[in-house]
Amino acid sequence: MEPLVAIQLLNGIVLGMIYALLAAGLTLIFGMLDIPNFAHGAFYALGAYVAYSVIVRSNNFWAAIVLVPVVVGVLGLVIDALFIRRLARFGHVYQILFTLGLVLIAQEAIVLIWGADPTSVNVPPHLDGGLSLGLVTFPFYRLFLVGVAAALIAAVWVGLERTKYGAIIRAGIEDPAMVDCIGFNVKRLFTLVFGLGVALAAVAGALILPVRGGQPAMGEELTAISFVVVVIGGLGSFAGAVVGGLVVGLTQAVMTIYYPSASEVAIFAAMVLVLLVRPQGLFGTR
């Protein structure tokens, strides 16, 4: 295997895990709560910029990784409680229009607070350098990124599938009235799930910042890609989010080598192909 191909495949895995982390958040919001959140990429961008501020002011990458999901996740809680949940009674069209408006608001807010110029931060010193893999040397930070993304997705899956509160949330999705009757506030639980989905998107933005930097419109493309990943993997499936993310990331990486101009088109072609063969997605049930 040529070194260029090897490094691009590894980069595809890294990108795929970022997509998977984003899609895991969207799986919670869209796949489970049935909220078409077209502002998902905006929360990803906000995560990157909040991380930038924390790193610049404290010179502490780890503080950024801890604070970003809290700050942006709480913002998501407020937005859901005040706006998105209240719009649910009017149908998806109003939620879609509202979240599209959030995209524009987020972009303008980023420009006003951080400016229109791209931002970047250095890789943390203890994650600098690379691991020799024979043909290529791959950066430690990108390996770290893959590990963190996988760990976060696994933790959320365990929380939803193997804990009491996860069972309550799943029951609330299936039968909200029943869960309300046994004393749990379903609306509050759903708002917490929305906040968790937003927090995952924000962490993805923080993790990618040392690799790609940040710019105000960075979330636009990622929203579309997140939906593609969820559709390929299947609604409500965390395994689907991971596999779908890797499929999209590797497709982009390979196409960048051989047909760069078609790399974006290829991922949508992959989605269409999956829908033709399996309309519910690779791991979906509906």
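In terms of this note's numbering, the sequence shown is residues 1 to 286.
Virtual Cβ for every residue (Gly too), placed ideally from N, Cα, C.
Three-state secondary structure assigned by DSSP to residue i
i    : result
F30  : helix
G214 : strand
S120 : coil
F227 : helix
S132 : strand
E2   : coil
I182 : coil
P125 : helix
L196 : helix
I35  : coil
L235 : coil
M115 : It should be noted that the sequence gives Gly, not Met, for residue 115. The answer is coil: DSSP assigns G115 none of H, G, I, E or B.
Residue i - containing beta strand (DSSP E), residue span
i    : result
S261 : Segment: none, S261 is in no beta strand (DSSP E) and carries neither H nor E.
T137 : T137 to P139
Residue i Cβ short of 7 Å to the ligand ZN heavy atom set
i    : result
G236 : No copy of the ligand ZN appears in this structure; indeed no ligand is present at all.
Candidates the options: closest to residue i by CA position
i    : options                   : result
L127 : Q95, F138 and A224        : F138
V198 : P118, V5, Q8 and L33      : L33
F184 : A202, G195 and Y165       : Y165
P216 : D80, A6 and L104          : L104
A48  : L28, V72 and F38          : V72
F283 : V231, F38, E264 and V148  : V231
L192 : E221, D175 and G159       : G159
L26  : Y258, L200 and L250       : L200
V124 : N59, E174 and G240        : Reading the sequence as shown, one finds Pro at residue 124 and not Val. Ranking the options by Cα distance to P124, first place goes to N59.
T99  : L143, V66, A150 and G41   : G41
P3   : G76, A116, M271 and V136  : V136
L207 : A150, A116 and L196       : A150
F238 : Q8, L67, L275 and A20     : A20
I18  : G134, N122, A270 and F144 : F144
V248 : L275, L9 and G16          : G16
A23  : E264, A269, G233 and V254 : G233
A204 : I35, L46 and L28          : L46
M255 : A266, L246 and G245       : A266
S53  : L97, G244 and G213        : G213
L189 : I168, E174, F43 and V78   : I168
V50  : G244, P260 and I110       : I110
S263 : A253, M178 and M271       : A253
Classification of residue i by the beta-carbon crowding that lies within 10 angstroms, buried from 16 upward
i    : result
P69  : buried
P210 : buried
N11  : buried
Y258 : exposed
L152 : buried
T223 : buried
L132 : According to the sequence displayed, residue 132 carries Ser and not Leu. S132 should be labelled exposed.
T163 : exposed
F287 : The shown model of the chain, from 1 to 286, leaves out residue 287, and the question about it has no answer.
D80  : buried
Host alpha helix (DSSP H) of residue i (start-end)
i   : result
S53 : H40 to S58
Ordered list of beta strand (DSSP E) runs contained in the stretch 61-110, each at least 3 residues | None, since the stretch 61-110 contains no complete beta strand (DSSP E) of that length.
Please go through the stretch 248-283 and give each complete alpha helix (DSSP H) segment of 4 or more residues, from N-terminal end onward.
-> Entirely contained in the stretch 248-283, the alpha helix (DSSP H) runs reaching 4 residues are, in chain order, 263-277.
Start-end ranges of the alpha helix (DSSP H) lying completely within the stretch 139-163, minimum 4 residues | 140-161
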